Amino acid sequence: MVRKKIDNRIRILIENGVALHHRSLFVVVGEKGRDCISILHEMLSKAEVKARPTVLWCYKKDLGFSSHKKTQKRLKKAHLAQGKQHLDENDSIEYFVASTNIRYCYYSETHSIMGQTFGMAILQDFEAITPNLLARTIETVEGGGMILLLLQTITSIKQLYTMTMDVHARYRTEAHQNIVCRFNERFILSLIKKCSSCLFLDDKLNILPIKSNALTIKPIAARAWDSPKTPKEQELVDLKASLDGSQPMHVLVKKCKTFDQAKAVQMFIESLSEKTLRSTVTLTSARGRGKSAALGLAVAAAIAYKYPNIAVTSPHPENLKTFFKFLLEGLDALGYEKATDYEEIRSTVPEHNKAIIQVNITRKLRQRVRYILPANTKLDNVELLVIDEAAAIPLPFVKALMGPYLIFLASTINGYEGTGRSLSLKLISQLRKQQSSDSELPEKAKTRRSLARRVLHEPTLNESIRYKQGDKIEAWLNDLLCLDVTVPPASPESVPDPEDCKLYPFTFSLIKLF
0 MVRKKIDNRI RILIENGVAL HHRSLFVVVG EKGRDCISIL HEMLSKAEVK ARPTVLWCYK
60 KDLGFSSHKK TQKRLKKAHL AQGKQHLDEN DSIEYFVAST NIRYCYYSET HSIMGQTFGM
120 AILQDFEAIT PNLLARTIET VEGGGMILLL LQTITSIKQL YTMTMDVHAR YRTEAHQNIV
180 CRFNERFILS LIKKCSSCLF LDDKLNILPI KSNALTIKPI AARAWDSPKT PKEQELVDLK
240 ASLDGSQPMH VLVKKCKTFD QAKAVQMFIE SLSEKTLRST VTLTSARGRG KSAALGLAVA
300 AAIAYKYPNI AVTSPHPENL KTFFKFLLEG LDALGYEKAT DYEEIRSTVP EHNKAIIQVN
360 ITRKLRQRVR YILPANTKLD NVELLVIDEA AAIPLPFVKA LMGPYLIFLA STINGYEGTG
420 RSLSLKLISQ LRKQQSSDSE LPEKAKTRRS LARRVLHEPT LNESIRYKQG DKIEAWLNDL
480 LCLDVTVPPA SPESVPDPED CKLYPFTFSL IKLF
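Each residue of the sequence shown is one higher than the one before, starting from 0 at the first, in numbering that gives the first Met the number 0.
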């Protein structure tokens, strides 16, 4: 194998992302772009100085190689037996696949990866990509990670402007045969002009001279361990110290990463300790703020408070991977032992990829945390209902799940899952009105309606956990797909007087301009 020196700016961009806990994006042009994957992944592994990053690999139909685990192991053993120091170019991708934890996913099944976190995302078959797929996949990558976009069927970026996309077939009719690729040009122009954490490469890892800021990439010093804490970090330390001796709250809040998340877990636990079953706690935030982890820790507290029957729902069982991970971590922190005090049950349905669907606890009494389908409205003997990613569940299903039990509800209000806004605009506002109308009733009427009246708590998470604040990829994606729906409208003072305005003809091609 011929050795070649890789442009130092690629390494600097990756290391800067790791130091700032931000993500980086590489667009690789050329039919041999797949050969660059193992090299970029190795550079990311060395920069992070930890276990090899997990990989999400999304594609349309054909990977182009075998992903079968037995084939991977056989290939790995063959290379070790031959004592090869370097692999042939044709074998490098197979060896990378054999030695890396990769989650393969068809684009048509990407709804199942929401709520999961990966160190690297590979998106191939660009003609199958849609704005929905971009939002689902890119936001699963953690801070310091990498997004790799493979453009294997083109040799020039300009070819994207006229590329026929799979989604075009949906809009092509007998009367309208010509489809214009406006989004493709807007997508590329946004990367060039508004994403400083992106580089365009060819399939030999040469940087393409497309972005002017590629010339000014400079290394950033990592934050020293002894540097002073930010105000939010100090608030988190003080909160954890103030809860010392308060169980189970102290050990669970200690596992929180941000002050916002710790306050949310504290509010969940306080609702559990009341045991009135009349509280609804709605946790809202943008993506990557730690909602699922907070729910998992809260349910661990519910086990400690001896809630016997707990139901949890989400659009897909795989969306609860983070929830169950932190539920089990919370149980371990509380002194529960696996196999002795609790057991986990995994789904046998192939589409669920062995996701956990139930946890049985047998320490002092029989308790159960089980997954239910969002359409399952018959909840018997449930004391606590947990709804994760409620914004991605049809609103009628969410309303039908409401009942006379404690409800923990988490929803994304910014980003892909939350762009419908129906949950916060309709359901949560309805709960607010119900609470405010109850508070205005006379005391006797309140007593008569005490069984129906519910208490609403609305914690929010603003600090990002999956990646640090100021992530350039998040800002670019929100701007490209108009996902930042909670940005307040412009003030009237900034709008010019109509008499000072001129009327110009409008065409849809103007939308793509940046």
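Don't be surprised by glycine CBs; every beta carbon is placed ideally from N, CA and C. Everything numeric in this text was worked out from a predicted model, so none of it was measured.
- Of the other Cβ atoms in all chains shown, 16 or more fall within 10 Å of the Cβ of residue 116; this residue is therefore buried.
- In the same chain as residue 396, and ignoring 5 residues on each side of it, the C-beta atoms closer than 7 Å to its own belong to 373 and 374, in chain order.
- Per the coordinates, the alpha-carbon of residue 106 lies some 15 Å from the alpha-carbon of residue 146.
- Within the segment 336-392, the runs of beta strand (DSSP E) at least 3 residues long that lie entirely inside it are, in chain order, 341-345, 355-360, 366-370 and 383-386.
- Inter-segment contact for the segment 307-327 and the segment 372-391 is present: three or more beta-carbon pairs are separated by less than 8 Å.
- For residue 27, the enclosing beta strand (DSSP E) covers residues 23-28.
- In chain order, 258 place their CB closer than 6 Å to the CB of residue 234, counting only its own chain and leaving out the 5 sequence neighbours on each side.
- Annotation: the continuous alpha helix (DSSP H) that includes residue 478 extends over 471-480.
- A contact is defined here as three or more CB-CB pairs under 8 Å, and the segment 92-111 meets this definition with respect to the segment 49-66.
- By the Cβ-count criterion, residue 111 is buried, with 16 or more other Cβ atoms from all chains shown falling within 10 Å of its own Cβ.
- By the beta-carbon neighbour count (other beta carbons within 10 angstroms, threshold 16), residue 183 is buried.
- For residue 309, the enclosing beta strand (DSSP E) covers residues 308-312.
- Less than 8 Å divides the Cβ of residue 180 from the Cβ of residue 161.
- In the DSSP assignment, residue 303 falls within the unbroken alpha helix (DSSP H) covering 290-303.
- In this structure, residue 30 sits near residue 151, with a CB-CB distance shorter than 8 Å.
- Sequence-distant partners of residue 429 (beyond 5 residues in either direction) whose C-beta falls short of 7 Å from its own C-beta are missing from its chain.
- An exposed status is given to residue 243, since fewer than 16 other beta-carbon atoms sit within 10 Å of its beta-carbon.
- DSSP places residue 506 in the coil class of the three-state scheme, outside both helix and strand.
- In this structure, residue 291 places its C-beta atom within 8 Å of the C-beta atom of residue 321.
- In the three-state reduction of the DSSP assignment, residue 244 falls in the coil class.
- Distances from the CA of residue 230 to each of 462, 501, 315 and 500 were compared; the closest alpha carbon is that of 462.
- Residue 237 sits exposed, since fewer than 16 C-beta atoms from the chains shown fall within 10 Å of its C-beta.
- Counting the other CB atoms within 10 Å of its CB gives residue 138 a total of 16 or more, which places it among the buried residues.
- For residue 397, the enclosing alpha helix (DSSP H) starts and ends at 394-400.
- Contact between the segment 7-27 and the segment 459-479 is present: three or more C-beta pairs spanning the two stretches fall below 8 Å.
- Put simply, of 62, 434 and 288 the residue whose alpha carbon is nearest the alpha carbon of residue 278 is 434.
- Secondary structure at residue 102: strand, using DSSP grouped into helix, strand and coil.
- Rounded to whole angstroms, the Cβ separation of residue 140 and residue 127 is 19 Å, and the two are not in contact under 8 Å.
- Looking at the DSSP output, residue 278 sits in a beta bridge with 454.
- Following the DSSP letters along the chain, one finds residue 118 in no alpha helix (DSSP H) but inside the beta strand (DSSP E) bounded by residues 117-122.
- For residue 379, the closest C-alpha among the options 392, 247, 361 and 402 is that of 402.
- Sorting 281, 298 and 350 by C-alpha distance to the C-alpha of residue 454 places 281 at the top.
- Per DSSP, residue 58 lies in no alpha helix (DSSP H) segment; the continuous beta strand (DSSP E) that holds it begins and ends at 54-58.
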